[in-house]
Structure formats: C-alpha cells, structure tokens
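Report on the following structure.
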Amino acid sequence: MVDRKRLLNSGQMARFVADGFLRFDGLVPDDLNRAACAEMEQGIERKRGGVSLSEMWPAPSAIGEVFRLPEVQGIIHSLVGPDPLYDHHAVHTVNAGHLNGQVWHADAIIDTRQHFDIQFFYFAHDTPREMGGTLILPGSHFRRISESDIARYQNFVGQIPVVCEAGTMVVVHHGIWHCAQPNRTDRRRYMFKLRLNPTVRQLRLWNTDDLDDPAIPGILSANHRWYGNEVRIEIVNRIRFWRFLTGDERFDVSYWLSRLENQPETVLHVA
Amino acid sequence: MDPKHLLTSRQMARFVNDGCLRFDELVPDDLNRAACAEMEQGLLGVEPMGTPFLSLWPGRAIKKVFCLPEVEGIIHSLVGPDPQYDHHAVHIVDAGHLIGQAWHADAIIDVRTTHFDIQIFYFPHDTPREMGGTMLLPGSHFRRVSETDIARYQNFVGQTPLICKAGTVVVVHHGIWHCAQPNRTDRRRYVFKLRLNPTVRQVRLWNTDDLDDPEIPVILNTKHKWYGNEGRIEVVNRIKFWRSLTGNDRFDVLHLLSRIENRPQRELQAV
Amino acid sequence: MPQLRQKLLLLYLHNADLNSQVVSWTLYDGTEKETHTTGDSDAPPYSSVLAAMRDGWRVIQFPQQFPAYPGMEYNTSYLRYEYILEKMEDTDG
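Chains as they are written, first to last, in this note's numbering: chain A, 1 to 271; chain B, 272 to 542; chain C, 543 to 635.
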C-alpha cells in the first residue's frame, strides 16, 4: 500500500500534463547510485514485456531497490497505478568521445491512446551538459508521429538537455520527443531507462487534495514556444488529457473547449 | 423585443453571405465619448467567461451602447435574447504603429455547423483609413483554419478595411478572417470587441416577415472574387447555413443542392 | 574551378508568415566544413526566413497547407511551417 504523502499532488500532475515529464533531482541516495552503476556495468536481467514490475529485480538488486524506494513508488502509483507492468528496460550508454547526437524520436510506434505509459530515465551518476544527458522536448508528448519520423529536426527553442547530479529521476510520458546527446567527456555515460504500463484506469491515482488549486489552469496553459501558432491546440489536448485523468468532463481552461461545445438546442418561439 | 429592431431576412442573408454586417453611426455621440473615456481609463475589466451578458457592466456607458434597442435587436437576431459573454477586448493600435497584424481567425478551429458566435466591433471614434481600422475578408467565415495558419496571406481582392464614423457597429461571424491595420496617424486607435455565445438554437431569431423575399437567393449567390473557382462550394455552404437558420431543409439556390440530393427511389413498372 | 556543394537550412516558423519567428532549425552542410547534430545550438542562425533570404539563402520549398481532415482538427504532429532553404558554397572557400 503506497504512502499517500509520497504521491504526486495535482500541481505536479498538471505539470506532467503540460510538459510531458517531471524531474526529481537527487532522489536516489548515493550508496544506491553507486551500486546501481556497478550493476549497469555488469548487465541487468531482462524479462519479457508484460510481467508485473513487482517480480523484477528482487533483493539484493540495487536497481530493484531504486524502484522500490517509497518516493519512486509514489511517482509510479500517481501515474500508472499500484501494480504496473514491466514493458522493457535499457541501459543506455554513450561512449566517451561519441560526438554525434542521436536523432530526435519518440519511442515505440505511433500511439493513439489517452491511456499512457511512463518511462523513467534514471541518472545514477553526475551528468554535466558535456556528458550528453538526454535532450527532451517539453510539451511534445501529444504529437502523433512514428518514431524517427522527426529525425529531420535538430534544435528547438526551449529544448531541455538533462543536466543533473547523481540520483536524479526524470519520468516522461511515453510520447515525448527526445534524443541522446554527444558525450564530449572521457567517461562513458550511463542512463537506466524503464518503461511501465498501467493495469488500471488512470483516474485520480495521485493525491487529489489540491484538485481545485487555482494555479492549475495556468500550469496547463504553459507555452513552450516551439510549436508557435499551435499553442492553443496544445492547450486543447491538455484539457482533454486532464479530463481523462480527473474524470471531470466539464473541466476547461480559458473557455477553449466550452465555447466549441456550446450547442444549445432550446428552440425559442419568436412571436 | 420590438420586431422593428430585429434584423430582416435580407439583412440575415447578407450576414450569411458576407459573414458581417455594418451599421454606420448607430451609437449617438455622447455615448461614444463616454465609452471612449471608459476604454482609455481601462475601466472595463475581464469578466468570467460564460456569464450572462445582461448582468455585466451595470451603469457603464459601454453597457448602454449594447442596450440600445437597435443593438439589442442585432444581438437577438443572431444569438438570441440572453447570450453569454465570451470575452471582450479593447483593441488598441498605437499612433505610428506601422506593421499590420497577420490575417487570422479568432479562437481555435471550430467545427460547429448549426451554432455560431458573433463578435461585435464597436468604433467609438472616427476611424479613417490611415488610422487602421480592422481589415475584414468578407465571405471567409466558412473556411476552417487554426488562428494564424493564414499568416502567409497579405492581400485579397475585395478585402475591406473598416473606415467609419464614430458610433459604427460591425457584427461578424466568429469564423471571419481579419487583421488589424497600421495606424499612420498621431492618435491612438481604439475598437471595442465583444464576443457573445448563443444560449438557444439559432433558428428564426430575427424578423422573418420577409422570409420569402426573392432577393434572398440572389444575395446568397453573390460571390466574392477572392475565392475564385470555389464560388459554387461557397454558395453550397451558404445554402446549408440558411437551411439551419430557417429550419427549412429544402431551401436552395439555383437547384445547386437539390440536384445532388436527388436520389429518387420509386421504381417504375416496366411496360 | 570552384567546387560548389549544397547547404540546406531547414527553418521552422511560428506561423506561415515568412517574417515570423524561428522555433526550430536544422543544418546540413554538403561542403563538409561543418557538421551539425541535435542540441548543438541554443539559438537559431536567423530570426526568420526573411532574414535568411536577406543573407543569401534561397527558399526551395514551401510547406503545403492542407485543411484538417474531419476529426483531425485538434491533432498535432509534425511542425507545420517548415521552410527549406539552400545555398551553394565553395568547398575551398
């Protein structure tokens, strides 16, 4: 049973809906980071996709312990529920002196669901900019494209490279556009990626005490600028996602959807 | 509502065809001056979207403008007697602002066919061409675009800059393409824009005494040059809109729709 | 004899107006003098397509503007306002 105070709050969920990711700096303690790093170098057990996460990496696995941390369990519960499925994982390495960035892409295949998976990017060691932590495009997660369809893009206004200290967790919506970066240092860079699938309807899985926080519409109206004139369509997609997550079909931001849904049928009898 | 203040069917047909109607010097001078002062002083704050319009701004000069019987009649004819306030804006173009705004349609792409909002542009002071009154593209209101998608266009045959005396009211369909213009004078230009949503089905809300006027099909068939060869498609959209507004599903212009709706099922006995 | 090679500059704009802000950019250099990759700059090389034209780049492709397919009006995917520009440059220069 997850500890309620470890769940995300509505403000954080709104940020996830708008940006497509959340980051938690230095979440994992140092001893675990070092142990996880060592495991990554040796290789981490895979299973087939679709088994319960709870079966993965029993003690004394360090990676297993990382994902059993109460804070991480709280994040998982808030986004995909209490007993998610292990989809797959990968130990992403970028060798020292590898100077080509990966192309922009979104993972898996084009995905038309409102239900969503999450991916954890776990940085078990300090990752300065020159080491090439994953580059993320905030707010890109609603755009339906097929994997490296988007390889023609190189740079976007507002793109965010992950630059962080050891123990940082970044959790992303499955649709987010991202790419690995060049590693200009002399040390290999590791990042542990884990994809999880929900087994419950993703409805109010987080701590909803602050669901009426007046800051939420503002958060959902964030403008990342790289989508230019399409910002309003982006907000529409966030409204729809928020309705899905909260079960509130009348939720709106700045009247964007209510205006279009206003189709009154009362017939007036004019004399 | 006194029927003499409602729009006539011919005026409604012109609205359907052009997407706009103008009423020159409708508002008396004393009200224009008072409303101007309210705009200059910034007295008209934002109100919650969806508020019943009748309840807003009691005692204000701007409210008196919209309570003039002729203006109430225009509003009733298009969106009904008790519309919702969507939003308003005091649009200002500073003296010497020499760049025109990009062409755009307001809000977001709107797929409603049986319901529409209106926007009222009220010019409280004389607005010569060089002052940059809003440019409208008559007949553009059926074309579904997403806001500034259309920013690449600069000029159209038949584009209409609003040049008018104080007190002029222009009412437009929510989908109309428009853009602010450069202000080449040394005086700031104001226009008050108000968007209203219907709360009833928009069927025969005007004075329908002249519904059978033979001029109406002629008005609906008056093509604007800028859409070139798409003229007949444009007329089809007008026929459909007129059918929705009148509740007459068999209305037609020059047999355009009846021809393609004609699928007789009666089988003839062979001789 | 100059050895000319093509350079391609992809500029993605805020809206369809060639004078609007660049929101994303890509460079491919056929002269091999520069290599570009993802995340290699924080600011675009030009503020707009018009600015690039004024610096000698030629526009070779405009984005086609298609109306939204019914039901797709609120779908987003690729960036819509992709302008492709070229320059021919000497490999020896």
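We put the CB at the ideal spot given by N, CA and C, even for glycine.
Computed from a prediction, not measured in an experiment: that's the story for all the values here.
Short Cβ contact (9 Å threshold) for residue i with residue j
i, j, result
"Val-171 of chain A", "Ile-75 of chain A", "yes"
"Gln-430 of chain B", "Leu-407 of chain B", "yes"
"Arg-188 of chain A", "Asn-262 of chain A", "no"
"Val-471 of chain B", "Thr-246 of chain A", "no"
"Leu-525 of chain B", "Leu-349 of chain B", "no"
"Asp-484 of chain B", "Arg-281 of chain B", "yes"
"Leu-211 of chain A", "Phe-244 of chain A", "no"
"Met-191 of chain A", "Gly-133 of chain A", "yes"
"His-273 of chain A", "Cys-179 of chain A", "With chain A represented from 1 up to 271, any question about residue 273 of chain A goes unanswered, as that position is not in the structure."
"Gln-154 of chain A", "Trp-226 of chain A", "no"
"Gly-410 of chain B", "Glu-486 of chain B", "no"
"Pro-643 of chain C", "Val-157 of chain A", "This structure cannot speak to residue 643 of chain C, because chain C is shown only from 543 to 635."
"Asn-617 of chain C", "Leu-592 of chain C", "no"
"Glu-65 of chain A", "Arg-6 of chain A", "no"
"Asn-197 of chain A", "Leu-85 of chain A", "yes"
"Ile-109 of chain A", "Ser-146 of chain A", "yes"
"Pro-299 of chain B", "Gly-438 of chain B", "yes"
"Gly-81 of chain A", "Val-200 of chain A", "yes"
"Pro-274 of chain B", "Asn-454 of chain B", "no"
"Leu-527 of chain B", "Trp-513 of chain B", "no"
"Leu-555 of chain C", "Gly-50 of chain A", "no"
Whole-number beta carbon distance between residue j and residue i, since they are thought to touch under 8 Å
i, j, result
"Cys-37 of chain A", "His-125 of chain A", "6 Å"
"Ile-302 of chain A", "Gly-20 of chain A", "This structure leaves residue 302 of chain A out entirely; chain A is present only between 1 and 271."
"Gln-563 of chain C", "Ser-589 of chain C", "7 Å"
"Asn-557 of chain C", "Ala-373 of chain B", "7 Å"
"Leu-416 of chain B", "Val-342 of chain B", "Checking the sequence shown, residue 416 of chain B turns out to be Val, not Leu. Actually they are not in contact, since the Cβ atoms of Val-416 of chain B and Val-342 of chain B sit about 29 Å apart, beyond 8 Å."
"Leu-268 of chain A", "Trp-242 of chain A", "That belief does not hold up - the Cβ atoms of Leu-268 of chain A and Trp-242 of chain A are roughly 34 Å apart, past 8 Å."
"Asp-213 of chain A", "Gly-11 of chain A", "6 Å"
"Met-310 of chain B", "Val-364 of chain B", "Actually they do not touch by this definition, with Cβ atoms about 13 Å apart."
"Thr-419 of chain B", "His-375 of chain B", "5 Å"
"Arg-405 of chain B", "Gln-355 of chain B", "At residue 405 of chain B the sequence reads Thr, which differs from the Arg that was named. About 23 Å; that fails the 8 Å criterion."
"Leu-8 of chain A", "Ser-78 of chain A", "4 Å"
"Ala-366 of chain B", "Asp-457 of chain B", "5 Å"
"Lys-193 of chain A", "Phe-120 of chain A", "7 Å"
"Val-462 of chain B", "Phe-394 of chain B", "6 Å"
"His-347 of chain B", "Met-272 of chain B", "5 Å"
"Ser-52 of chain A", "Asp-83 of chain A", "6 Å"
Residue i Cβ short of 8 Å to the ligand MN heavy atom set
i, result
"His-386 of chain B", "Annotation note on the ligand MN: not contained in the displayed structure, which lists no ligands."
Near-chain B residues of the segment 592-624 of chain C (beta-carbon distance less than 8 Å), N- to C-terminal order: Gln-607, Pro-609, Ala-610, Pro-612, Glu-615, Tyr-616 and Arg-622
Assess, as a yes-or-no matter, whether the segment 440-460 of chain B is touched by the segment 378-389 of chain B under the definition of 3 or more beta carbon pairs within less than 8 Å. yes
Three or more beta-carbon pairs under 8 Å between the segment 327-342 of chain B and the segment 367-382 of chain B, yes or no? no
Within the segment 436-473 of chain B, ranges of the beta strand (DSSP E) (whole runs, at least 3 residues): 439-444 and 460-468
Give me the subset of the segment 252-268 of chain A whose CB atoms are less than 8 Å from a CB atom of chain B, sorted by chain position. Ser-254, Tyr-255, Trp-256, Ser-258, Arg-259, Leu-260, Asn-262, Gln-263, Pro-264, Glu-265, Thr-266, Val-267 and Leu-268
Hey, is the segment 590-604 of chain C in contact with the segment 621-628 of chain C, meaning 3+ C-beta pairs nearer than 8 Å? yes
Where are the beta strand (DSSP E) runs, 3 residues long or more, that stay fully inside the segment 587-630 of chain C, in chain order? 600-603
Return the residues of the segment 101-112 of chain A that lie within a Cβ-Cβ distance of less than 9 Å from chain B, sorted by chain order. none
I'd like the ranges of any alpha helix (DSSP H) spanning at least 4 consecutive residues and lying wholly in the segment 308-349 of chain B. 332-338
Residues of the segment 383-404 of chain B whose Cβ lies closer than 8 Å to any Cβ of chain C, in chain order: none
Determine, using beta-carbon pairs with one atom in the segment 142-157 of chain A and one in the segment 25-39 of chain A, whether at least three such pairs fall under 8 Å. no
Give me the subset of the segment 211-230 of chain A whose CB atoms are less than 9 Å from a CB atom of chain B, sorted by chain position. Gly-228, Asn-229 and Glu-230
Positions along the segment 308-328 of chain B whose CB lies within less than 7 Å of some CB in chain A: Met-320 and Gly-321
Between the segment 559-576 of chain C and chain B, which residues of the former have a C-beta closer than 8 Å to a C-beta of the latter? Asp-559, Leu-560 and Ser-562
When the Cβ atoms of the segment 563-581 of chain C are set against those of the segment 100-110 of chain A, are three or more pairs found closer than 8 Å? yes
How do the segment 280-298 of chain B and the segment 311-324 of chain B stand: do at least 3 beta-carbon pairs fall below 8 Å, yes or no? no
List, from N- to C-terminal side, the alpha helix (DSSP H) runs of 4 residues or more that fit wholly inside the segment 468-506 of chain B. 486-491
Scan the segment 412-424 of chain B for residues whose Cβ lies nearer than 8 Å to a Cβ of chain A and list them as they occur along the chain. Ser-417, Glu-418, Thr-419, Asp-420 and Ala-422
Along the segment 476-489 of chain B, where does the CB come closer than 9 Å to a CB of chain A? Name the residues. Leu-476, Trp-477, Asn-478 and Thr-479
What are the uninterrupted segments assigned as beta strand (DSSP E) that are 3 or more residues long and contained completely in the segment 175-243 of chain A, given in chain order? 177-179 and 189-197
What runs of the beta strand (DSSP E), each 3 residues or longer, lie entirely inside the segment 15-86 of chain A? 21-24
Closer than 7 Å, Cβ to Cβ, to anything on chain C: give me those residues from the segment 371-382 of chain B, in chain order. Ala-373, Ile-380 and Val-382
Complete runs of the beta strand (DSSP E) confined to the segment 340-399 of chain B [at least 3 residues]: 355-364 and 389-394
Taking any Cβ of chain C, which residues in the segment 148-180 of chain A have a Cβ under 8 Å from it, in chain order? Asp-149, Ile-150, Arg-152, Tyr-153, Gln-154, Asn-155, Phe-156, Val-157, Gln-159, Pro-161 and Cys-179
Which residues of the segment 232-243 of chain A have a Cβ closer than 9 Å to any Cβ of chain B? Give them in chain order. Arg-232, Ile-233, Ile-235 and Val-236
Please list the residues of the segment 514-542 of chain B that have a C-beta atom closer than 8 Å to any C-beta atom in chain A, keeping them in chain order. none
Cβ-based contacts, 9 Å cut-off: residues of the segment 357-370 of chain B near chain A: Asp-357 and His-358
Between the segment 128-145 of chain A and chain C, which residues of the former have CB atoms less than 8 Å from a CB of the latter, in chain order? Leu-135, Phe-142, Arg-143, Arg-144 and Ile-145
Within the segment 101-174 of chain A, note down every full beta strand (DSSP E) run reaching 3 residues or more, in order along the chain. 118-123, 135-137 and 168-173
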